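*Asks:*
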Amino acid sequence: MDIGSILLGIALLVIVAVYVGRPFLRARATQRETMTEREGLAAQKAALLEQIRTLDFEHETGKMPDAEHRQQRTRLLNEAATIMKQLDDLAPVPARNGSPARIEADVEAAIAAIRAWNRDNTRAREHGNGRFCTQCGKPRDAGNKFCAHCGFRFA
Ligand SMILES: [Zn+2]
């Protein structure tokens, strides 16, 4: 796992955190009577997303077998779906920057991106550290400091 992958992961997590928090902030400003319920659901949802993130990280770092990861992830996603349904069933909050559905889609997209990133890392590991030169795109040998094809110096 290189620095770029780590930064990408952190950036995605920030996106998720912002989007998870935003409906709650809007709810506080506009819908005081449903704030407590919405706040509770939003907190549950954030906690589930955090658990999914931790799960993915443990899987990605090889601490968790595929089967267990898949099973636990399915369970967490189902719980998250239930929470999101309950949030939808609350009185709608007027949206300034997009509808709640739009925000859910963005969060799901961020999770999908993290999942794809994990998948790519797993694939790279399975192919014996088979990364590619960022300069010319040719496969690089794991131990080499320079690209055998274009001479690019690896970080
Ligand atoms: Zn190269």
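5 is the number of the first residue of the sequence shown in our numbering; add one for each residue after it.
In this text, a Cβ means the ideal position worked out from N, Cα and C, and glycines have one as well.
Source: prediction; values computed, not measured.
(1) Cα-Cα, which of R106, W121, N148 and K149 is closest to G8?
(2) Leaving out five residues before and five after Q139 in sequence, what residues of the same chain have Cβ atoms less than 7 Å from its Cβ?
(3) Answer yes or no: the CB of K142 versus the heavy atoms of ligand 1, is any distance below 8 Å?
(4) Counting only the same chain and skipping the five closest in sequence on each side, list residues whose C-beta sits under 8 Å from that of D70.
(5) Per the DSSP calculation, P143 is bridged to which residue(s)?
(6) Residues in its own chain within less than 8 Å of D163 by CB, not counting five upstream and five downstream?
(7) Within a Cβ cutoff of 7 Å, which residues of the same chain sit near R77, ignoring the five residues on either side of it in sequence?
(8) So what's F61 in DSSP terms, helix, strand or just coil?
(9) Which residues mark the beginning and the end of the alpha helix (DSSP H) in which K89 is found?
(10) How should G147 be labelled, buried or exposed, when 16 other C-beta atoms within 10 angstroms of its C-beta is the threshold for buried?
(11) Got a sec? Which residues, its chain only, sit under 8 Å from A84 by beta carbon, not counting five neighbours each side?
*Replies:* Per the coordinate set shown:
(1) Selected option, being the one with the closest Cα: W121.
(2) Once the five neighbours on either side are set aside, the close Cβ partners of Q139 are C151, C154 and F156.
(3) yes
(4) H63
(5) F136
(6) This structure does not reach residue 163, given that the chain is present from 5 up to 159, and the question cannot be answered.
(7) I56 and L59
(8) helix
(9) D70 to D93
(10) exposed
(11) K49, L52, L53 and I56
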